[in-house]
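Chemist: Before I ask anything, here is the structure I am working with.
Number of protein chains: 4
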Amino acid sequence: MAVPFILDTDSAQDDCVAILFGLLDPAADLRAITMVAGNVGFDRQVHNAAMTLAVADKVGACPIHLGCSRPLMRAWEGAEDVHGDGSGGLSMDVPDGMVSNEGAVDALLRMTSEEPGELSIVAIGPLTNIAAACIADRTFPQRVKSLYIMGGSNNGRGNITAAAEFNFYVDPEAAQIVFDAGFSDVVVLTWDPVTLTDALLPRLDYEELCAIDTPIARFFKALCDHTLAYDESVGVPGSTHPDSMTLQCLVHPELILAEAPYRVDVETTSALTRGYSAMAWDKFEATANARVIERADSAAFFARLRALLETHTRPVLPISGL
Amino acid sequence: MAVPFILDTDSAQDDCVAILFGLLDPAADLRAITMVAGNVGFDRQVHNAAMTLAVADKVGACPIHLGCSRPLMRAWEGAEDVHGDGSGGLSMDVPDGMVSNEGAVDALLRMTSEEPGELSIVAIGPLTNIAAACIADRTFPQRVKSLYIMGGSNNGRGNITAAAEFNFYVDPEAAQIVFDAGFSDVVVLTWDPVTLTDALLPRLDYEELCAIDTPIARFFKALCDHTLAYDESVGVPGSTHPDSMTLQCLVHPELILAEAPYRVDVETTSALTRGYSAMAWDKFEATANARVIERADSAAFFARLRALLETHTRPVLPISGL
Amino acid sequence: MAVPFILDTDSAQDDCVAILFGLLDPAADLRAITMVAGNVGFDRQVHNAAMTLAVADKVGACPIHLGCSRPLMRAWEGAEDVHGDGSGGLSMDVPDGMVSNEGAVDALLRMTSEEPGELSIVAIGPLTNIAAACIADRTFPQRVKSLYIMGGSNNGRGNITAAAEFNFYVDPEAAQIVFDAGFSDVVVLTWDPVTLTDALLPRLDYEELCAIDTPIARFFKALCDHTLAYDESVGVPGSTHPDSMTLQCLVHPELILAEAPYRVDVETTSALTRGYSAMAWDKFEATANARVIERADSAAFFARLRALLETHTRPVLPISGL
Amino acid sequence: MAVPFILDTDSAQDDCVAILFGLLDPAADLRAITMVAGNVGFDRQVHNAAMTLAVADKVGACPIHLGCSRPLMRAWEGAEDVHGDGSGGLSMDVPDGMVSNEGAVDALLRMTSEEPGELSIVAIGPLTNIAAACIADRTFPQRVKSLYIMGGSNNGRGNITAAAEFNFYVDPEAAQIVFDAGFSDVVVLTWDPVTLTDALLPRLDYEELCAIDTPIARFFKALCDHTLAYDESVGVPGSTHPDSMTLQCLVHPELILAEAPYRVDVETTSALTRGYSAMAWDKFEATANARVIERADSAAFFARLRALLETHTRPVLPISGL
Ligand SMILES: [Ca+2]
Ligand SMILES: [Ca+2]
Ligand SMILES: [Ca+2]
Ligand SMILES: [Ca+2]
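Chains as they are written, first to last, in my numbering: chain Y, 1 to 322; chain G, 1001 to 1322; chain S, 2001 to 2322; chain X, 3001 to 3322.
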């Protein structure tokens, strides 16, 4: 049976790949997309998500709910140097009705109330929406089956600063609120390791995938070219897929090859280490609040990615540039 | 014309006096009470507010909306050592319907949307609800006429710690979010000075007021006796009325004898100075985000308090202990 | 009997008045001047101290030891906007030998070892030297009779920021080290209150003092004119004399009209409140580590200042501009 | 020619191995041992160092100078759970004269003044002494040839907390002062990686070394047994030798297989991440202040360790328990 979940995203680059998996992987039952401020301008993120639905020929299949347009306490900081506009300059006329009138936090609260304990959440941007839902309703966490988070590093390298990964850095207070909120099952996929090890596609393999002759594969190339060029310029040797890997770990748990319980806290008070994820393993005897993925099945993941890109779709709306 | 506003409160002791003013002062048009975690247990606060409506014979006149049951990021810390249960052991059977089904944040958002620019808010507890409304809708501040806040000290003494006043200490992140949120008119009444100077009722005057033979005056005594005893034990020579003074400054602005623009920020990163309100006056050339009241008309305020306590009401519901 | 002490100073403006008291008040037995980075450039401070000795005709009477040229962890920040060069453009050829070859920290350690329990210290600049002496020898504090500190505010206004007074702001880590170091008697004279209340000389009185026809009075005017103009421009209505008042409180303890035990800690972790002095009074039941002066005898102090300025000296070295 | 240096140490376990290398490796010219508060009680550390000199038959060959008995701003925290007493219960009557009357900071300042630019320092404990020398004399760093530091982790796991390695955790302010002090050549060997990778001796190899029949090998076993047992209990699979590896990297630079310039800062403001070493690689374009060793020659190091332990010495003083 397909896994039902909501995808909370700052859609640019691999977020869109995650949306594609959500829409087209038979094991995934994507119920809603909730949008949070992160990678690129908020409107651009919405545009990117809408195009992704169109490419997958799934317009109308999944609502897009707009969420928090900035972090709880901090000014918004994006990653446009990394991602460009997040979809390689593609554009589309977004028809009325693709964006729901219901806000993201309201949707999160309502949907989990309608099916308490049934829905999971995959959160692949800053955790502002999830924290806002916790603030609005302290019983919200109890109604969520599993919360899968892409964020932080497990005692490894950051990307936005040496100490911090982007999602937690952008809204550290939100991240800390979420880790303190009492979700019954939190699973974290980090930047280092896992993204830098198991969700990294070397250029040759990347180009092979890009050569697939489908609209989705062409869209994939548009999504990822800018980020790959950036990554290579800073010594990351391949195309990075943390968000889609996180989603895949929910719907295909056998992809998780190693995980362990950790106490995760996020630095909110220091300028030097803002957004650092302190991940304490069993040695430190703190009460664990998350399962942290330590190793994932890279081969299986990229096989799924290839299958995704080979899917033939008929994009329902014209996308300029594709 | 009466001033329309919402009262955001952690109702115990002087919060209840403020509610009485809101219900009975002809210049006040109290539209709703929103409840926030603060002084005493959340349920007890609701109980205190309900009794206050009953004493004023205003059951049904003003909805009570329940808001955030804890601060944004911190564990709740109350002030039961100061206030006891906040109403001197009184109790009442609270009838169904006194508490609205609509939450406080939803009510704040809805009411300000229905009358944008018309309603003010008087916030006399921790600022969690107000911050949550800002997080849920970043345009909310623009719809509020004036936001009157009881909190902080103006380069003076704290009360919960040497450095910090209770309301800002309990939820400093909420306070900082509110001061950063872009409200067009924020007015702050602080603990030191103003509460300790102009909203302080010496014991003799207090006892004179308590001797008035009305249900409201008896209720007033029940509300305030515990706090007065505490205050005297720590060197504060009288009964303190910051919350009702703040409300009165909104509805009778002539009570404000001196005020100045300040840049107000609240300490969120340090354990030592948690909740300290940094209030920078014009010397420091920071952009002001609040008018801070420096002196208020004590005589006029206490004359109004006397008139309030002399009001004859017929409490509609029996209150045990009154 | 005269009170023996070492004066630790960032000599500009009122620091130099303090030196004059140390040299000329018969109740004061000034054994050494130790120089610490603070108000103005380090070399200029030394120059100011040397001129002060010359004006008092005390060249050779008291060694000047050079101490820490910057704070422990922070970049040096001066107050040249407040003080100019600290002595109104006066200058002098400083003869060899006025500055000791022994450093300030070495001198502090040696002198207190030679007379353990006999010498007091009056610290009227950032506390870098005193902290460095504690670091170098953890038994140093036990050898000091009393440590008089000018710094901080007692739950009042700062001067360099809204929250912080200059001396503690410049080197907050040093200040915290000193308050934690175990000195048996620490006395603090703050900016607000006491400086702003009892050590404030209104302009008319100031001008009357400046009109006294002695070299010292002319020197006094050169020292203080710039600071007075600055103070008036920021709403401080008079010439401020915190440093000389602190020294006088040591040698004439009857000047202290009110004091109380406090727990003093200095903020080192927050950017917003850097250098704030948290001063907790008895209510908070923390272990006191200082006596904080709450009120001083203004009239007696300024009478002593007048007597000082009326002292006729024959400056031994020519001072250009005097 | 042998490399001249001072060893700054909190001598327990591998610190003593480092001392042995300093005394017996012909390439090392150990001029002085300076003692800093760290691993175990200060007096016990001195005892451990003295026994190490005795075992090596080097009593009198190298002075021991006592330094800072506690961190700059923090209470001392040791690692007796890890190291026991640091030398496996051995004891010795320490003869007069093994400990110098000159303090560690004075010795550091004097020796580097006598041979400016000639002496290196190997700092294998908390950096309190080195920071204190910088505070006492801001020109001290310029006189040091190279400063080799064991401390921190390079975007990896801590040991005393998840985020922090012991030496930097114990005195983070000292560490930050040192990294800011302007040393011309700073080399850092971290806990993770390098200690956990290249300075880790598996139990079988460890036991083989312990079986060597020399006083030094028996001493080595006494030093390291407790720590190995602790390490194994927390998942570190072998005996750790960070301090002796750091020293070896100075005297045999060919042991350094990979290094890179980094900007190193140490967290001083946060409780969560106290002592975390933020190590920013070239991507972040901060000005580098250290060379951080990324990989060391494990085989060569352990070959040198074996040779050390095979050295036949005649311990000059009886050591109880050996
Ligand atoms: Ca994302
Ligand atoms: Ca209140
Ligand atoms: Ca001074
Ligand atoms: Ca060590």
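Beta carbons are placed, not taken as given, at the ideal position from N, Cα and C, and that holds for glycine.
Shorter than 9 Å from the beta carbon of Y3169 of chain X to some beta carbon of chain Y?
Modeler: Reading the fourth sequence from its first residue, position 169 is the one you call residue 3169 of chain X. It does not: the Cβ of Y3169 of chain X has no partner Cβ on chain Y nearer than 9 Å.
Chemist: Under 9 Å between the Cβ atoms of Y2148 of chain S and L2030 of chain S?
Modeler: Translated into positions along the third sequence, residue 2148 of chain S becomes position 148. Translated into positions along the third sequence, residue 2030 of chain S becomes position 30. Going by C-beta atoms, Y2148 of chain S is not nearer than 9 Å to L2030 of chain S.
Chemist: Could you please tell me which residues of the stretch 3267 to 3285 of chain X, in chain order, have their CB closer than 9 Å to any CB of chain Y?
Modeler: E3267, T3268, T3269, S3270, A3271, L3272, T3273, Y3276, A3278, M3279, A3280, W3281, D3282, K3283 and F3284
Chemist: Under a CB-based cut-off of 9 Å, is M2035 of chain S close to chain X?
Modeler: Translated into the one-based positions of the third sequence, residue 2035 of chain S becomes position 35. Not one chain X Cβ lies under 9 Å of M2035 of chain S.
Chemist: Give the straight-line distance between the Cα atoms of P1141 of chain G and C134 of chain Y, rounded to the nearest whole angstrom.
Modeler: Translated into positions along the second sequence, residue 1141 of chain G becomes position 141. Translated into positions along the first sequence, residue 134 of chain Y becomes position 134. Going from the Cα of P1141 of chain G to the Cα of C134 of chain Y covers about 21 Å.
Chemist: Compare the beta carbon distance of L2020 of chain S and V2046 of chain S with 9 Å and say whether it is the shorter of the two.
Modeler: Within the third sequence, numbered from 1, the residue matching residue 2020 of chain S stands at position 20. Within the third sequence, numbered from 1, the residue matching residue 2046 of chain S stands at position 46. For L2020 of chain S and V2046 of chain S, no; Cβs fall outside 9 Å.
Chemist: Using only the alpha-carbon positions, how far apart do A3288 of chain X and R2074 of chain S sit?
Modeler: The residue labelled residue 3288 of chain X in the question sits at position 288 within the fourth sequence. The residue labelled residue 2074 of chain S in the question sits at position 74 within the third sequence. Straight-line Cα distance between these residues: approximately 19 Å.
Chemist: Going by C-alpha to C-alpha distance, which of Y:R304, Y:I293 and Y:S69 sits closest to V186 of chain Y?
Modeler: As a working note, residue 186 of chain Y is residue 186 in the first sequence. Nearest of Y:R304, Y:I293 and Y:S69 to V186 of chain Y, Cα basis: Y:I293.
Chemist: Out of X:G3117, X:F3042, X:G3086 and X:L3272, which one is the CA nearest neighbour of V3099 of chain X?
Modeler: Looking up residue 3099 of chain X in the fourth sequence gives position 99. Cα-wise, what sits closest to V3099 of chain X is X:F3042.
Chemist: Measuring straight from C-alpha to C-alpha, what distance separates A3050 of chain X and V3059 of chain X?
Modeler: Residue mapping note: residue 3050 of chain X aligns to position 50 of the fourth sequence, counting from 1. Residue mapping note: residue 3059 of chain X aligns to position 59 of the fourth sequence, counting from 1. Each residue's Cα considered, the two are about 8 Å apart.
Chemist: So what's R3304 of chain X in DSSP terms, helix, strand or just coil?
Modeler: Locating residue 3304 of chain X in the fourth sequence gives position 304, where the first residue counts as 1. Helix, per DSSP.
Chemist: Taking 8 Å as the cut-off, is the CB of S1087 of chain G close to at least one heavy atom of ligand 2?
Modeler: Residue mapping note: residue 1087 of chain G aligns to position 87 of the second sequence, counting from 1. For ligand 2, not one heavy atom lies less than 8 Å from the Cβ of S1087 of chain G.
Chemist: For T3009 of chain X, is the beta carbon positioned less than 8 Å from some heavy atom of ligand 4?
Modeler: Here residue 3009 of chain X is taken as the residue at index 9 of the fourth sequence, counted from 1. Result yes, Cβ under 8 Å from ligand 4.
Chemist: According to a CB-to-CB cut-off of less than 8 Å, which residues of the stretch 3151 to 3165 of chain X neighbour chain Y?
Modeler: S3153, N3155, G3156, R3157, G3158, T3161, A3162 and A3163
Chemist: Compare the C-alpha of D3025 of chain X against each of X:D3010, X:T3139, X:F3005 and X:E3208 and name the closest.
Modeler: Taking the fourth sequence and counting its residues from 1, one reaches residue 3025 of chain X at position 25. It is X:F3005.
Chemist: Should I3130 of chain X and L3108 of chain X be called a contact, given that it needs their Cβ atoms to be closer than 9 Å?
Modeler: The residue labelled residue 3130 of chain X in the question sits at position 130 within the fourth sequence. The residue labelled residue 3108 of chain X in the question sits at position 108 within the fourth sequence. Yes, the pair counts as a contact, with Cβ atoms nearer than the cut-off.
Chemist: Take Q1013 of chain G as the anchor and find which of G:L1072, G:R1044, G:A1027 and G:F1168 has the nearest alpha-carbon.
Modeler: Within the second sequence, residue 1013 of chain G is the residue found at index 13, counting from 1. It is G:R1044 whose Cα lies nearest to the Cα of Q1013 of chain G.
Chemist: In angstroms, rounded to a whole number, what distance separates the CA positions of M3245 of chain X and L3204 of chain X?
Modeler: As a position in the fourth sequence, residue 3245 of chain X is number 245, starting the count at 1. As a position in the fourth sequence, residue 3204 of chain X is number 204, starting the count at 1. Approximately 20 Å between the Cα atoms of the pair.
Chemist: Quick one: any contact between the stretch 304 to 321 of chain Y and the stretch 85 to 99 of chain Y, if contact means 3 or more CB pairs under 8 Å?
Modeler: yes
Chemist: Interface residues of chain G around A132 of chain Y at Cβ under 9 Å?
Modeler: Within the first sequence, the letter at position 132 stands for residue 132 of chain Y. Near A132 of chain Y (Cβ distances below 9 Å), the residues of chain G are A1132, I1135 and A1136.
Chemist: Compute the Euclidean distance between the alpha carbons of L2072 of chain S and L2127 of chain S, then round it to the nearest angstrom.
Modeler: Here residue 2072 of chain S corresponds to residue number 72 of the third sequence, with the count starting at 1. Here residue 2127 of chain S corresponds to residue number 127 of the third sequence, with the count starting at 1. A direct Cα-Cα distance of roughly 10 Å separates L2072 of chain S from L2127 of chain S.
Chemist: Compare the C-alpha of V2188 of chain S against each of S:A2296, S:L2201 and S:Y2230 and name the closest.
Modeler: Residue mapping note: residue 2188 of chain S aligns to position 188 of the third sequence, counting from 1. It is S:A2296 whose Cα lies nearest to the Cα of V2188 of chain S.
Chemist: Just how far apart, CA to CA, sit D1198 of chain G and C68 of chain Y?
Modeler: Mapped onto the second sequence, residue 1198 of chain G falls at position 198. Mapped onto the first sequence, residue 68 of chain Y falls at position 68. Cα-Cα distance, rounded: 41 Å.
Chemist: What number of angstroms, rounded off, separates the C-alpha of T9 of chain Y from the C-alpha of G117 of chain Y?
Modeler: Sequence index remark: in the first sequence, residue 9 of chain Y carries index 9 (1-based). Sequence index remark: in the first sequence, residue 117 of chain Y carries index 117 (1-based). Approximately 21 Å, taken between the alpha carbons.
Chemist: To the nearest angstrom, how far is it from the Cα of P2237 of chain S to the Cα of R3110 of chain X?
Modeler: Residue numbering aside, residue 2237 of chain S sits at position 237 when the third sequence is read from its first letter. Residue numbering aside, residue 3110 of chain X sits at position 110 when the fourth sequence is read from its first letter. Taking the straight line from one Cα to the other gives about 51 Å.
Chemist: Does the beta carbon of N2159 of chain S fall short of 8 Å from some heavy atom of ligand 3?
Modeler: The count along the third sequence starts at 1 and reaches residue 2159 of chain S at position 159. No, the beta carbon of N2159 of chain S sits no closer than 8 Å to any heavy atom of ligand 3.
Chemist: Between R2291 of chain S and chain G, is there a C-beta pair that is closer than 9 Å?
Modeler: Locating residue 2291 of chain S in the third sequence gives position 291, where the first residue counts as 1. No - not a single Cβ of chain G is within 9 Å of the one on R2291 of chain S.
Chemist: Hey, is R263 of chain Y's beta-carbon within less than 9 Å of any beta-carbon in chain G?
Modeler: Numbered from its first residue, the first sequence carries residue 263 of chain Y at position 263. Not an interface residue.
Chemist: Taking the alpha carbon of G3103 of chain X as the point to measure from, which residue in X:I3064, X:D3243 and X:M3150 has its own alpha carbon closest?
Modeler: Taking the fourth sequence and counting its residues from 1, the one referred to as residue 3103 of chain X is at position 103. In terms of CA proximity to G3103 of chain X, X:I3064 leads the group X:I3064, X:D3243 and X:M3150.
Chemist: Quick one: is P215 of chain Y buried, meaning 16 or more other Cβ sit within 10 Å of its Cβ, or exposed?
Modeler: Taking the first residue of the first sequence as 1, we reach residue 215 of chain Y at position 215. Counting C-beta atoms within 10 angstroms of its own C-beta, P215 of chain Y has 16 or more neighbours from the protein chains shown and is therefore classed as buried.
Chemist: With DSSP collapsed to three states, give me the class of Y1276 of chain G.
Modeler: In the second sequence, residue 1276 of chain G corresponds to position 276, counting from 1. In the structure shown, Y1276 of chain G sits in coil (DSSP, three-state: anything other than H, G, I, E or B).
Chemist: If I'm right that F3179 of chain X touches D3265 of chain X with Cβ under 8 Å, what's the distance once you round it to whole angstroms?
Modeler: As a first step, residue 3179 of chain X must be located in the fourth sequence, where it is residue number 179. As a first step, residue 3265 of chain X must be located in the fourth sequence, where it is residue number 265. About 6 Å separates the two Cβ atoms, so the contact holds.
Chemist: Any beta-carbon of chain X closer than 9 Å to the one on D81 of chain Y?
Modeler: Start at 1 with the first residue of the first sequence, and residue 81 of chain Y comes out as number 81. No, D81 of chain Y lies away from the interface with chain X (no Cβ there is under 9 Å from its Cβ).
Chemist: If we ignore side chains and look at the alpha-carbon of each, how far apart do D2243 of chain S and T1273 of chain G end up?
Modeler: For the purposes of this step, residue 2243 of chain S is taken as the residue at position 243 of the third sequence. For the purposes of this step, residue 1273 of chain G is taken as the residue at position 273 of the second sequence. The alpha-carbon atoms of D2243 of chain S and T1273 of chain G are separated by roughly 27 Å.
Chemist: On a CA-only basis, which of Y:S233, Y:Y230 and Y:E207 is nearest K221 of chain Y? Give me that one, please.
Modeler: For the purposes of this step, residue 221 of chain Y is identified with residue 221 of the first sequence, where counting begins at 1. Nearest C-alpha to K221 of chain Y: Y:E207.
Chemist: Classify E2115 of chain S as buried or exposed, calling it buried when 16 or more other Cβ atoms lie within 10 Å of its own Cβ.
Modeler: For the purposes of this step, residue 2115 of chain S is identified with residue 115 of the third sequence, where counting begins at 1. E2115 of chain S is exposed by the Cβ-count criterion.
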